[in-house]
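Numbering (UniProt numbering), first residue to last: 1 to 385.
No residue lacks a Cβ here, since even glycine has one placed at the ideal position from N, Cα and C.
Just so you know, these numbers come straight off a predicted model, no measurement behind them.
Have a look at the structure below before the remarks.
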Amino acid sequence: MRMRRGRLSLFISRIFKRNITTPHCNFPSPQPSSKLSRFLSSTTQVEPEAEASVRAVEKLLQYEFKDKTLLQEALTHPSCPHQPTNYQRLEFIGDAALACAVSTYLFAAHPLLAPAELTLLRAANVSTERLARVAVRHHFYKHLRHNAPEIHHKVKEFALAVLDEKDNAIYGGAVKAPKVLADIVESVAAAIYIDNNYSVQHLWQVFQGILEPTITYEDLRKQPQPMTTLYELCQKEGKQVDFKRCRKGAKNISNVFVGGKFIASSHLQQKETAKLSAAKGALEKLEQAAIYHELTQKYKGFQEACEIDGAKQKLLELCGKNNWPKPSFRVEKKNGPTHDRRFVCVIHIKTNNGQLLMEGNRKSQVRAAENSAASLMLLRLKDGL
Numbered sequence: 001m002r003m004r005r006g007r008l009s010l011f012i013s014r015i016f017k018r019n020i021t022t023p024h025c026n027f028p029s030p031q032p033s034s035k036l037s038r039f040l041s042s043t044t045q046v047e048p049e050a051e052a053s054v055r056a057v058e059k060l061l062q063y064e065f066k067d068k069t070l071l072q073e074a075l076t077h078p079s080c081p082h083q084p085t086n087y088q089r090l091e092f093i094g095d096a097a098l099a100c101a102v103s104t105y106l107f108a109a110h111p112l113l114a115p116a117e118l119t120l121l122r123a124a125n126v127s128t129e130r131l132a133r134v135a136v137r138h139h140f141y142k143h144l145r146h147n148a149p150e151i152h153h154k155v156k157e158f159a160l161a162v163l164d165e166k167d168n169a170i171y172g173g174a175v176k177a178p179k180v181l182a183d184i185v186e187s188v189a190a191a192i193y194i195d196n197n198y199s200v201q202h203l204w205q206v207f208q209g210i211l212e213p214t215i216t217y218e219d220l221r222k223q224p225q226p227m228t229t230l231y232e233l234c235q236k237e238g239k240q241v242d243f244k245r246c247r248k249g250a251k252n253i254s255n256v257f258v259g260g261k262f263i264a265s266s267h268l269q270q271k272e273t274a275k276l277s278a279a280k281g282a283l284e285k286l287e288q289a290a291i292y293h294e295l296t297q298k299y300k301g302f303q304e305a306c307e308i309d310g311a312k313q314k315l316l317e318l319c320g321k322n323n324w325p326k327p328s329f330r331v332e333k334k335n336g337p338t339h340d341r342r343f344v345c346v347i348h349i350k351t352n353n354g355q356l357l358m359e360g361n362r363k364s365q366v367r368a369a370e371n372s373a374a375s376l377m378l379l380r381l382k383d384g385l
């Protein structure tokens with residue numbers, strides 16, 4: 001494994017060197033605007049109020065700038081008053097430079113992936129959602145210089161949401177990523193790129209650790225794009241997907257209907273994240289329903305003789321022994337006339353590995369229906385399902 005990594009590093013290094021030694025990369029030095037030129041003629045030092053932020057970000061990057069004013073510029077939002085320049089120009093070149101560095105790495109690291117797969121992988125690693133999370137997890141956002149209260153509110157809300165995330169939210173989480181966070185990551189990348197005479201290799205040497213862990217193709221397989229997956233899944237089944245949106249106070253409500261039937265809903269501030277969250281919820285419900293249907297069909301055929309006496313109590317004891325919450329029972333169906341009513345009960349259990357559902361056989365009494373569902377659930381748990 002160590003030898004493989006060594007060979008990969010050597011291969012990547014050679015590719016990067018090939019890129020920067022070509023004659024076409026002898027770029028001119030960046031020329032400041034006339035307004036900035038007048039400012040720089042009086043000082044080449046970082047402004048006193050920016051010194052602490054510059055030092056802090058250098059420490060985070062483990063890189064010391066030769067021209068520290070580049071980093072000052074990279075951390076300055078257009079709303080910051082009395083500044084000769086801001087990060088917008090750096091963001092422009094940083095976007096391209098970072099995409100080039102990531103593309104080169106992915107090309108060398110994944111020799112068997114097709115161009116379309118590499119494109120998906122690059123997009124996931126340099127998306128706004130991804131780079132905004134990099135800004136939060138490496139604390140770049142704390143050093144953004146701005147004078148816009150709405151930015152402070154949005155960044156704070158997003159940062160708190162990211163810190164609560166358990167999984168790698170490739171396509172976004174509960175709060176939409178503020179673009180300003182991705183912008184400063186790209187502008188800081190540009191500052192490194194220019195500070196090293198437009199060297200993609202040096203940019204990657206500094207920035208690779210910041211972007212790790214990179215999103216892999218296996219990650220994309222485990223977390224497919226929810227909207228795309230939902231539409232593809234329902235198209236195969238001949239079902240139409242409809243999203244219906246409404247607003248309630250400050251919340252956007254997104255409801256998902258499949259084949260005209262309500263499946264899932266999400267209530268969030270941004271309509272895009274509400275729609276994405278609703279799509280995720282719909283996929284989970286549909287997957288759960290598919291497993292539920294398969295298992296119900298498997299155990300539904302068990303006859304009365306297979307039912308366990310006192311199954312409900314035994315299931316309660318099993319849940320207590322495994323430190324699971326108590327199972328919940330509900331009557332799912334009521335069939336027949338009043339004098340000959342039949343009941344079907346569904347049981348729901350939360351385990352350490354997820355949630356389990358099981359439907360019992362039709363019974364003349366609710367208690368018997370609950371025992372039937374509990375019996376089938378015990379059989380399922382015995383099978384390790």
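Pair within 8 Å by beta-carbon distance, residue i and residue j
i           : j      : result
ILE184      : ALA50  : no
LEU106      : TYR141 : no
CYS370      : CYS345 : This sequence places Glu at residue 370; Cys is not what is there. Yes; because the gap between Cβ atoms is below 8 Å, this pair is in contact.
ASN255      : ALA278 : yes
HIS138      : ILE210 : yes
residue 453 : GLU165 : With the chain covering 1 to 385 only, the question about residue 453 has no answer from this structure.
LYS326      : CYS319 : yes
THR273      : LYS156 : no
ALA190      : GLU117 : no
PHE329      : GLN365 : no
residue 414 : THR76  : For the chain, the structure presents residues 1 to 385; residue 414 sits outside this window and is missing.
PHE158      : VAL136 : yes
LEU286      : LEU233 : yes
LEU98       : VAL134 : no
GLY94       : GLU212 : no
LEU357      : LEU283 : no
TYR217      : HIS110 : yes
ASN252      : LYS222 : no
GLN235      : GLY259 : no
TRP324      : ILE349 : yes
Residue span of the beta strand (DSSP E) that contains residue i, given as start and end
i      : result
ASP95  : Counting along the chain, ASP95 falls outside any beta strand (DSSP E), though it belongs to the alpha helix (DSSP H) covering 88–109.
ILE253 : 251–258
LEU356 : 354–359
Cutoff 6 Å; reference residue i; Cβ partners in own chain excluding five residues on either side
i      : result
ALA101 : VAL200, LEU203, TRP204
PRO78  : ASN86
VAL162 : ARG133, VAL136
LEU131 : ALA182, VAL185
LYS154 : PRO178
THR214 : ASN125
GLU129 : GLY172, ALA177
Range covered by the alpha helix (DSSP H) that runs through residue i
i      : result
PHE140 : Looking at the DSSP string, PHE140 is not in any alpha helix (DSSP H), and its letter there is neither H nor E.
LYS314 : 311–321
GLU47  : It is not in any alpha helix (DSSP H) - GLU47 carries neither H nor E in the DSSP assignment.
SER127 : First-last for SER127: undefined, no H or E at that position.
TYR193 : 179–195
TRP204 : 200–211
ASN371 : 366–382
TYR231 : 226–236
ALA159 : 149–164
Assigned exposure category for residue i - 16 Cβ within 10 Å defines buried
i      : result
ASN147 : exposed
SER41  : For SER41, the predicted structure reports a pLDDT of 41, less than 50, and the residue's modelled location is therefore unreliable. A value from the coordinates is still provided. Exposed, by the Cβ-count rule.
LEU160 : exposed
PRO226 : buried
VAL57  : buried
ASN322 : exposed
Residues near residue i in its chain [Cβ-Cβ closer than 7 Å; skip 5 each side]
i           : result
PHE257      : ASP242, LYS244, ILE263
VAL46       : VAL54, LYS68, THR69, GLN72
VAL206      : LEU61, TYR63, ILE192
residue 411 : Nothing can be reported for residue 411: it is not among the residues displayed for the chain, which extend from 1 to 385.
ALA368      : none
SER266      : SER254, ALA274, SER277, ALA278, GLY281
Residue i - partner residues in DSSP beta bridges
i      : result
VAL344 : LYS333
ASN268 : It should be noted that the sequence gives Leu, not Asn, for residue 268. Looking at the DSSP assignment, LEU268 forms a beta bridge with ASN252.
CYS246 : ILE253
SER53  : According to DSSP, SER53 bridges with nothing at all.
PHE262 : PHE257
LYS350 : GLN355
VAL241 : VAL258
Min CB distance residue i to chain D below 8 Å
i      : result
GLN365 : Within the model displayed, chain D is absent; a lone protein chain is all it includes.
Cut-off 8 Å between Cβ atoms - residues of its own chain near residue i, not counting five sequence neighbours on either side
i      : result
PRO81  : ASN147
LEU220 : LEU120, LEU121, ALA124, ILE170
GLY336 : ARG342
LYS382 : none
LEU113 : LEU106, LEU121, TYR217
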